[in-house]
């Protein structure tokens, strides 16, 4: 069970078929929550939307900013 209830988690469509070796993300207006899909009981990391957009922009330059 997640330690952060009420969040809608998703994984990249590029994740592997078994889906247990990636990160999951949940977006809220004030924070982007990130967790390891292998152990969803661990408290997720929360970052500001601007920090997430900068991170994604660096790893995927063609990705639109949220």
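Residue numbers (our numbering): 41 to 106.
The beta carbon of each residue, even a glycine, is placed where N, CA and C say it ideally should be.
Counting only the Cα atoms, residue 93 lies some 12 Å from residue 102. Between the alpha carbons of residue 87 and residue 62 lies a distance of about 18 Å. When DSSP states are grouped into helix, strand and coil, residue 82 belongs to the coil group. In the three-state DSSP reduction, residue 96 falls in the helix class (H, G or I).
Rounded to whole angstroms, the gap between the alpha carbons of residue 64 and residue 48 is 10 Å.
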